[in-house]
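These notes are about the structure you will find just below.
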């Protein structure tokens, strides 16, 4: 499970960098400033949470706790809903998909909560 999260997290980071480059070089002349800002917000959250997926995957691998895998999957769901809805809105102008954005944000919050809970519940090391 941890390896899948790590692979998908790395691929999400790759896609995030590609989306950022596409926005900066291909979309800037086409999109309005407001839509460009929307797209850039999607990219920013995309990249941050791709890295969060990698942290969750490494934690799941290293500590063997399921809560870290749950965090990784929550981050992926958040990426798809939050960033995906912002990308769609910026590129198509379809506002109806904006209803998905807060659910993506909630998935991000759940992921961060899972990470915090998982780290809180780890046994204390005798070496600290």
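In the working numbering, the protein residues as written are 402 to 529. Glycine residues also receive a C-beta, built at the ideal position from the N, C-alpha and C atoms. All values derive from a computational prediction rather than experimental measurement.
Where does residue i fall in DSSP's three states?
| i | result |
| --- | --- |
| residue 443 | helix |
| residue 477 | helix |
| residue 429 | coil |
| residue 468 | helix |
| residue 413 | helix |
| residue 454 | helix |
| residue 500 | helix |
| residue 519 | helix |
Answer yes or no: do residue i and residue j have a C-beta to C-beta separation smaller than 8 Å?
| i | j | result |
| --- | --- | --- |
| residue 479 | residue 461 | no |
| residue 482 | residue 504 | yes |
| residue 440 | residue 427 | no |
So, under 8 Å CB-CB, residue i and residue j are touching, yes? Tell me the CB distance rounded to an integer number of Å.
| i | j | result |
| --- | --- | --- |
| residue 452 | residue 419 | Contact doesn't hold; Cβ gap of about 16 Å is too wide. |
| residue 409 | residue 477 | 6 Å |
Whose C-beta lies closer than 7 Å to the C-beta of residue i among residues of the same chain, with five residues either side of it excluded?
| i | result |
| --- | --- |
| residue 402 | 461, 470 |
| residue 417 | 444, 447, 448, 451 |
| residue 432 | 440, 491 |
Note down, in chain order, each residue of its chain lying with its Cβ closer than 8 Å to the Cβ of residue i, except the 5 sequence neighbours on either side.
| i | result |
| --- | --- |
| residue 515 | 457, 468, 469, 471, 472, 475 |
| residue 495 | 489 |
| residue 464 | 519, 523 |
| residue 429 | 437 |
Leaving aside the five residues before and after residue i along the sequence, list all residues of the same chain whose C-beta is less than 6 Å from its C-beta, in chain order.
| i | result |
| --- | --- |
| residue 466 | 519 |
| residue 436 | 491 |
Can you find at least 3 beta carbon pairs, one from the segment 455 to 462 and one from the segment 486 to 497, that sit closer than 8 Å? no
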